[in-house]
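Chemist:
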Amino acid sequence: MAEVSGRYDGNYYFAPGSKWAFFPSFSLAWNMAEEEIIKKNAPYLNQLKVRGSYGESGNLAGSAYQYLTGYEIYSGSTYFGDATTGIRERKQGNPEITWERAKKFNVGFDALLWNGLLALTADYFYENRDNMLVEPKTEVPLEYGIGLSQVNGGKMSNQGVELALGSNFNIHKDWNIDLRGTMTFAKIN
1 MAEVSGRYDG NYYFAPGSKW AFFPSFSLAW NMAEEEIIKK NAPYLNQLKV RGSYGESGNL
61 AGSAYQYLTG YEIYSGSTYF GDATTGIRER KQGNPEITWE RAKKFNVGFD ALLWNGLLAL
121 TADYFYENRD NMLVEPKTEV PLEYGIGLSQ VNGGKMSNQG VELALGSNFN IHKDWNIDLR
181 GTMTFAKIN
C-alpha cells in the first residue's frame, strides 16, 4: 500500500509573498500476512503489517496581519485649547513572518492473531517543528517607542513510542468483549 498527497495552503495572516506554502506527505505499508508463505505456515496470523509515513503540515500562529505595522488612535495628544486626537505606531510589522512548519515521521507495525484474540500495535514517532513564532531576542531601548513583532525563530522536537495491546472475543452469541490498553512515552526537546 502506498499513498502520496500534498496540500497547498494559503492564509491572509502572512505577507503577499508568503501567503502560500506546499506541504507534502507519503506513507507505505505492507501486510505480510497476505503473502502465501505466511498464510501456509502461520494461519493464526491474520495481520502483520509494517508501515511508515512522513508528512509536513503548516500551522498558523500569532495573529493576523503581523506583517503590517500596527497603529492606534488615542485622545489627548496635545492641548491647544481643546484636546486633539492623535495616531501612533503600536508595533513594528515583520513582513518575513511565515508558516510554522511541522515535519512528522512514524514507523510501526500491527499484528492481529487468532481472529482478534490478540492484537498488538507498536509505533515510533518523531516530530520536528521550526519557524515557530517567538518574541525577538533583540532588545531595543525604551526611546525606540514601539515593540518589535514576533519572528519565526522557535524550534521544538519530540519523539516517543506508543504500544497498544488488545483482545476481542465473544463469550456468547450476543456478547462481545473488547479489551484495550495503551502505553505512550514521549520526550520533548
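Residue numbers (the working numbering): 1 to 189. All C-beta atoms, glycine included, are put in the ideal place defined by N, C-alpha and C. It should be emphasised that the depicted structure is a prediction, and the values quoted were computed from it without experimental measurement.
#1: Sorted by chain position, which residues of the same chain lie with C-beta nearer than 7 Å to I131's C-beta, five sequence neighbours on each side aside?
#2: Which residue marks the beginning of the beta strand (DSSP E) containing N170, and which one marks its end?
#3: Is DSSP giving W20 helix, strand or coil here?
#4: N176 to F22, Cα distance in whole Å?
#5: Over what stretch of residues does the beta strand (DSSP E) that includes N41 continue unbroken?
#6: Does the region 39 to 52 come into contact with the region 105 to 122, if we say contact requires no fewer than three beta-carbon pairs (one atom in each stretch) closer than 8 Å?
#7: At what residues does the beta strand (DSSP E) containing F185 begin and finish?
Modeler: On the basis of the data shown:
#1: Looking at the sequence itself, residue 131 is Asn, so the reference to Ile does not match. Exclusion of the five residues before and after N131 leaves T98, W99, E100, R101 and N152 as the residues of its chain whose Cβ lies within less than 7 Å of its Cβ.
#2: Residues V151 to H172.
#3: Strand, per DSSP.
#4: Straight-line spacing of the CA atoms in N176 and F22 works out to 45 Å.
#5: Run containing N41: none in the beta strand (DSSP E); it sits in the alpha helix (DSSP H), E36 to N41.
#6: Yes: at least three Cβ pairs fall under 8 Å.
#7: Note, F185: beta strand (DSSP E), W175 to I188.
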